[in-house]
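**Student:** My structure is below; once you've seen it, I'll send some questions.
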Amino acid sequence: MNGYGAHVAERQRRVEAALSSTGHGALVLHAGHEVCYFRDDQHVPFRTSAHFAHWTPLSGPEHLLIVRPGERPLLLHHAPRDYWYEHAPLGAPAWAEHFDIREGASRAELAALVPPLTRAVLVGPDPSLAGPLGLPPAAVNDPGLLARLDWDRSFKTEYEVGRIEAAARRAGRAHHAARAAFAGGADELRIHQAYLGALEGTDDELPYPGIVALDEKGAFLHYRARRRGVRGRVLLIDSGATEAGYACDITRTWTTDDADPRFVALAEGLDRAQRALVAMVAPGVEFAELHHAAHRAVADLLVEAGILLVSVEAAIDRGLTRPFLPHGLGHLLGLQVHDVAGRQGASQGGEVAPPDGHPHLRTTRTLEPGMVTTIEPGLYFIEMLLAPLRSGPDRDAIDWGLIDALAPHGGIRIEDDVLVTTDGGRDLTRHTIDAPIRCGR
Ligand code: GLY
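Here is the structure:
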């Protein structure tokens with residue numbers, strides 16, 4: 000919890016400035032509420048609203064946090080009287096010393112604990128809470144205030160970076176276990192179980208459903224299945240961990256001795272390219288420029304491998320790398336795996352669109368100290384995207400025999416999480432899982 004007090008003080012400063020510039024007098028943050036599947040009494044797994052989690056690691060629904068200029072933040076802890084589910088008592092965690100805390104068993108009890116507020120605004124997923132809190136419907140999720148809060152989340156405090164690093168240490172151990180399971184011949188389900196076992200976590204605790212793809216399934220960017228009884232020669236594993244609500248997001252691609260050496264060379268080349276892209280992270284760098292550099296690196300690899308039969312320049316000019324790298328180079332990371340404000344133009348809002356031909360680029364920001372971004376170039380054989388080229392004007396620019404030989408290997412992605420520092424970047428994840436692409440068998 001290093002730096003937690005300074006983190007809360009920074010939140011207070013930032014919120015006071017945001018309230019003042021948007022004409023509000025107080026902020027009420029709602030942790031969120033439980034939701035059931037349609038016509039069912041089973042709950043969708045609960046996730047705390049990120050704006051609430053930005054202040055406190057307290058988990059669970061219905062808590063309220065009230066922030067007023069010049070006052071200590073007031074946490075209204077929801078503690079239902081309930082024998083169906085266990086609601087752990089708050090106890091005395093170290094973080095709690097930074098708040099005034101009251102407790103209530105229901106929304107009504109919590110609402111009765113809210114002090115008189117002037118020009119308050121509610122931020123949270125349930126607008127119907129405004130009435131019980133005595134707020135007008137217009138005082139919910141004001142876009143101008145939300146834009147400022149979203150923007151502020153781009154700049155991580157020391158405490159937040161520490162949480163991402165702690166998540167990365169756990170995820171690194173789990174990635175090592177998954178690699179060993181793959182080398183031992185495990186199927187997708189068992190590799191995923193090895194990951195969770197080393198993480199000592201459950202699926203619900205992952206920041207996003209882990210991607211565990213053997214061979215051709217690596218060409219589905221968000222592959223979700225857990226096949227049983229299938230051994231692979233390539234593993235693409237994209238899986239993270241959370242710590243106090245903060246995510247890490249790591250992808251590795253491993254190969255066995257059975258993999259085609261030409262595919263292995265591509266994977267090793269992409270790994271080198273990814274390290275070079277990480278080394279380019281620095282304040283003042285346009286993320287879109289890094290994305291273009293990733294396409295150039297993929298063009299280099301495809302030309303060198305003899306897959307593209309034109310020059311690197313021609314490949315870029317004719318957009319031939321796009322079917323092989325159809326996602327963005329990365330995204331901001333924090334309380335959400337795809338953190339907010341990746342395309343936000345300014346603290347007041349607005350959006351900076353991605354470059355033409357690159358609609359999936361999630362980050363169009365200029366990098367600034369305190370941002371954490373993923374750097375995740377990929378190179379895939381996705382028939383749906385390649386098929387139009389087979390009969391198009393560029394069909395002779397591609398060695399289709401080589402594509403067909405390598406396509407059963409699926410794809411490659413290498414991903415780390417990088418903090419932008421005052422004079423460069425610091426890779427928060429590479430050291431936790433840095434092993435040769437070839438892992439034997
Ligand atoms: N690593 C999963 C994703 O970024 O969607």
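Quick note: the sequence shown uses numbering that gives the first Met the number 0, first residue 0, plus one each step.
Note that CB positions come from ideal geometry on N, CA and C, so glycine has one too.
Shorter than 7 Å, the distance from the beta carbon of TYR222 to the closest heavy atom of the ligand GLY, or not?
**Tutor:** Taking the first residue of the sequence shown as 1, we reach residue 222 at position 223. Answer for TYR222: no, Cβ out of range of the ligand GLY.
**Student:** When the Cβ atoms of the stretch 354-367 are set against those of the stretch 390-410, are three or more pairs found closer than 8 Å?
**Tutor:** Cβ pair count under 8 Å is below three, so no.
**Student:** Have a look at GLY341 and ALA292 and give me their C-alpha separation to the nearest angstrom.
**Tutor:** Counting from 1 along the sequence shown, the entry for residue 341 is found at position 342. Counting from 1 along the sequence shown, the entry for residue 292 is found at position 293. Looking at the two C-alpha atoms, the distance is approximately 19 Å.
**Student:** Go to GLN343, then tell me how far its beta strand (DSSP E) extends in each direction, as first and last residue.
**Tutor:** Locating residue 343 in the sequence shown gives position 344, counting from the first residue. Segment 343-345, the beta strand (DSSP E) holding GLN343.
**Student:** The beta strand (DSSP E) with ASP248 in it runs from where to where?
**Tutor:** On the sequence shown, residue 248 is found 249 positions in, with the first residue counted as 1. First-last of the beta strand (DSSP E) with ASP248: 245-254.
**Student:** State the start and end residues of the unbroken beta strand (DSSP E) segment that holds TYR379.
**Tutor:** Mapped onto the sequence shown, residue 379 falls at position 380. Element bounds for TYR379: 377-379.
**Student:** If you reduce the DSSP assignment to three classes, tell me which class ILE210 lands in.
**Tutor:** The residue labelled residue 210 in the question sits at position 211 within the sequence shown. Three-state result, ILE210: strand.
**Student:** Taking the beta carbon of SER48 as the centre, do at least 16 other beta carbons fall within 10 Å, making it buried, or is it exposed?
**Tutor:** One-based indexing of the sequence shown puts residue 48 at position 49. Classification for SER48: buried.
**Student:** Do ALA180 and ILE190 have their CB atoms nearer than 8 Å?
**Tutor:** Looking up residue 180 in the sequence shown gives position 181. Looking up residue 190 in the sequence shown gives position 191. In contact: ALA180 and ILE190 (Cβ atoms closer than 8 Å).
**Student:** Between the Cα of HIS76 and those of ARG67, PRO56, PRO322, GLU102, spot the shortest distance and give me the residue it belongs to.
**Tutor:** Stepping through the sequence shown from its first residue, residue 76 is reached at position 77. Out of ARG67, PRO56, PRO322, GLU102, GLU102 has the C-alpha closest to the C-alpha of HIS76.
**Student:** For ASP472, is the beta carbon positioned less than 7 Å from some heavy atom of the ligand GLY?
**Tutor:** Summary: the structure shown does not reach residue 472, with the chain confined to residues 0 through 440, and so no result is reported for it.
**Student:** I'd like to confirm something about THR372: is its beta-carbon nearer than 7 Å to some heavy atom of the ligand GLY, or not?
**Tutor:** Mapped onto the sequence shown, residue 372 falls at position 373. The answer is no for THR372.
**Student:** Sort PRO435, LEU57, ARG230 by Cα distance to LEU269 and report the nearest one.
**Tutor:** Residue numbering aside, residue 269 sits at position 270 when the sequence shown is read from its first letter. Considering only alpha carbons, the answer is PRO435.
**Student:** Where does ALA30 sit, in a helix, a strand or coil, going by DSSP?
**Tutor:** Walking along the sequence shown from the start, residue 30 turns up at place 31. ALA30: coil per DSSP, three-state reduction.
**Student:** Helix, strand or coil for ARG389 per DSSP?
**Tutor:** Here residue 389 is taken as the residue at index 390 of the sequence shown, counted from 1. ARG389: helix per DSSP, three-state reduction.
**Student:** When the Cα atoms are used, what is the spatial distance from THR362 to GLU303?
**Tutor:** Translated into positions along the sequence shown, residue 362 becomes position 363. Translated into positions along the sequence shown, residue 303 becomes position 304. When rounded, the distance between both Cα atoms is 29 Å.
**Student:** Report buried or exposed for GLN273, applying the criterion of at least 16 other Cβ atoms within 10 angstroms of its Cβ.
**Tutor:** Here residue 273 corresponds to residue number 274 of the sequence shown, with the count starting at 1. Flag for GLN273 reads buried.
**Student:** Indicate whether LEU26 and LEU63 have their beta-carbon atoms separated by less than 8 Å.
**Tutor:** Counted from its first residue, the sequence shown places residue 26 at position 27. Counted from its first residue, the sequence shown places residue 63 at position 64. It is not a contact, given that the beta carbons lie outside the stated cut-off.
**Student:** For SER127, count neighbouring C-beta atoms within 10 Å of its own C-beta (all shown protein chains included) and say buried if the count is 16 or more, exposed if not.
**Tutor:** The sequence position of residue 127 within the sequence shown is 128, counting from 1. Exposed, since its Cβ has fewer than 16 Cβ neighbours within 10 Å.
**Student:** Alpha carbons only, please: which of PRO92, GLY59, VAL43 is nearest the one belonging to TYR3?
**Tutor:** Sequence index remark: in the sequence shown, residue 3 carries index 4 (1-based). Taking only the C-alpha atoms, the option nearest TYR3 is PRO92.
**Student:** Between ASP259 and the rest of its own chain, which residues show a CB-CB distance below 7 Å, the 5 nearest in sequence each way excluded?
**Tutor:** On the sequence shown, residue 259 is found 260 positions in, with the first residue counted as 1. Here the set comprises ALA404, LEU405, HIS408.
**Student:** Measure the alpha-carbon distance for GLU9 versus VAL113 and round it to whole angstroms.
**Tutor:** Locating residue 9 in the sequence shown gives position 10, counting from the first residue. Locating residue 113 in the sequence shown gives position 114, counting from the first residue. Using only the alpha carbons, I get a separation of about 23 Å.
**Student:** Would you call GLU96 buried or exposed, if buried means 16 or more other Cβ atoms sit within 10 Å of its Cβ?
**Tutor:** Here residue 96 refers to the residue found at position 97 when the sequence shown is read from its first residue. Answer is exposed; the Cβ neighbour count stays below 16.
**Student:** Do the stretch 229-246 and the stretch 310-321 make contact, defined as three or more Cβ pairs closer than 8 Å?
**Tutor:** The stretch 229-246, when compared against the stretch 310-321, does not touch it at the 8 Å Cβ threshold.
**Student:** Taking HIS174 as part of the alpha helix (DSSP H), name the residues at either end of that continuous run.
**Tutor:** Position 175 of the sequence shown, counting from 1, holds the residue named residue 174. Start and end: 157-182.
**Student:** Looking only at DSSP bridge pairs, what is ALA240 linked to?
**Tutor:** Working through the sequence shown from its first residue, we reach residue 240 at position 241. Partner(s): CYS247.
**Student:** Using 8 Å as the threshold, is the stretch 240-249 in touch with the stretch 212-222, meaning 3 or more CB pairs across them?
**Tutor:** Counting Cβ pairs under 8 Å, fewer than three are found: no touch.
**Student:** Terminal residues of the continuous alpha helix (DSSP H) containing ILE190?
**Tutor:** Here residue 190 corresponds to residue number 191 of the sequence shown, with the count starting at 1. It spans 187-198 - the alpha helix (DSSP H) in which ILE190 sits, taken as one unbroken run.
**Student:** Mapping the DSSP letters down to three states, classify ILE315 as helix, strand or coil.
**Tutor:** Here residue 315 refers to the residue found at position 316 of the sequence shown. Helix, per DSSP.
**Student:** Is it buried or exposed for GLU242, if we count other Cβ within 10 angstroms and need 16 for buried?
**Tutor:** For the purposes of this step, residue 242 is taken as residue 243 along the sequence shown, with counting starting at 1. Buried, since its Cβ has 16 or more Cβ neighbours within 10 Å.
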